[in-house]
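Peer 1:
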Amino acid sequence: MDIDQLNSYIDEQNEWAERTECFDIAIFRCWIQFEKFLIEKFIEYSIQPIGSEDIRKLKFEDEEHFKAFLRGDRTYIEYISKIEKLSKHIYHNNKNPFEILISDQTYSTVFENLRVIRNHIAHESEESQKKYLKRIFDSNSQRMISPNDYLKSWKDQGRTESYYSFYIRSIKEMSNLIESPLFFDDSTDILT
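No gaps in the numbering here: position 109 of the sequence shown is 110 in our numbering, and each next residue is one more.
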């Protein structure tokens with residue numbers, strides 16, 4: 002899935018959510034496609050240079066070689082956790098396209114919030130509810146509302162943006178930054 006396909010899919014889901022008011026289902030669907038996009042980019046950036054620049058510390062021959070490395074002795078690859086744990090070892094310092102998901106003050110928080118919301122929507126388990134309550138409502142059970150109601154609620158006092166709109170915008174921004182990563186030159190602190 003390329004960036005245009007992802008953005009088009011998100012726009013379709015956004016229109017659907019506006020009509021149906023099923024913001025939880027729409028955010029879930031968008032997260033799944035965003036996750037697929039991340040996986041494809043993780044594979045792509047790990048097996049070939051980005052444009053004329055090779056950002057990799059570790060070089061993999063092809064997708065099969067890379068997946069064997071990630072899989073180890075398991076049958077399933079949990080890509081998101083691999084991105085979080087291994088990307089800093091795969092890419093050169095200040096050249097990790099996924100760093101925004103891991104340590105950026107804004108996007109890492111958004112990414113983790115989205116993951117918690119997605120898991121609660123998907124599983125509705127006691128564990129996912131605890132994480133949802135803790136992460137989204139600071140463990141205040143008096144404030145806890147359903148994911149759909151939360152996503153429909155206003156993010157700010159000025160009522161300029163709902164949480165749903167904020168998260169959709171953030172998914173698009175994170176995707177664009179990963180699609181066209183900006184890196185700093187270690188020696189000069191200049192954006193390359």
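Virtual Cβ for every residue (Gly too), placed ideally from N, Cα, C.
So what's Y151 in DSSP terms, helix, strand or just coil?
Peer 2: helix
Peer 1: Leaving out the 5 sequence neighbours to the left and right, which residues in its chain are closer than 7 Å to Y10 when beta-carbon positions are compared?
Peer 2: Q34
Peer 1: Kindly indicate which residue of Q6, D3, E22, L7 has the alpha-carbon position closest to the one of S163.
Peer 2: When only C-alpha atoms are compared, the closest one is E22.
Peer 1: Quick check: the Cα distance between D190 and I146, rounded to an integer number of angstroms?
Peer 2: The pLDDT assigned to D190 is 49, lower than 50, so where the model puts this residue is not dependable, and the model offers no usable value.
Peer 1: Does the structure place the stretch 14-30 close enough to the stretch 70-81 that three or more beta carbon pairs sit under 8 Å?
Peer 2: no
Peer 1: In the DSSP output, which residue or residues are listed as bridge partners for I51?
Peer 2: E54
Peer 1: Considering F99, what are the terminal residues of the alpha helix (DSSP H) in which it resides?
Peer 2: Following the DSSP letters along the chain, one finds F99 in no alpha helix (DSSP H), marked with neither H nor E.
Peer 1: If H93 sits next to I56, beta carbons under 8 Å apart, how far is it from one beta carbon to the other, in whole angstroms?
Peer 2: Their Cβ separation, rounded to whole angstroms, is 6 Å, which keeps H93 and I56 in contact under 8 Å.
Peer 1: Helix or strand or just coil, what does DSSP make of Y92?
Peer 2: strand
Peer 1: Along the chain, where does the alpha helix (DSSP H) that runs through F70 open and close?
Peer 2: Run containing F70: 64-72, per the alpha helix (DSSP H) assignment.
Peer 1: Output the distance between the C-alpha atoms of N15 and H90, rounded to the nearest integer angstrom.
Peer 2: Whole-angstrom Cα-Cα distance: 36 Å.
Peer 1: Please work out which residues of its chain come closer than 8 Å, Cβ to Cβ, to K58, disregarding the five sequence neighbours upstream and downstream, and give them in chain order.
Peer 2: H90, I91, Y92, H93
Peer 1: Should N120 be labelled buried (16 or more other beta-carbon atoms within 10 Å of its own) or exposed?
Peer 2: buried
Peer 1: With a 10 Å radius around its C-beta and 16 neighbouring C-beta atoms as the bar for buried, classify W32 as buried or exposed.
Peer 2: Buried: at least 16 other Cβ atoms inside 10 Å.
Peer 1: What would DSSP say about D190, mapped onto helix, strand or coil?
Peer 2: For D190, the predicted model reports a pLDDT of 49, less than 50, meaning its position is unreliable and no value from the coordinates is stated.
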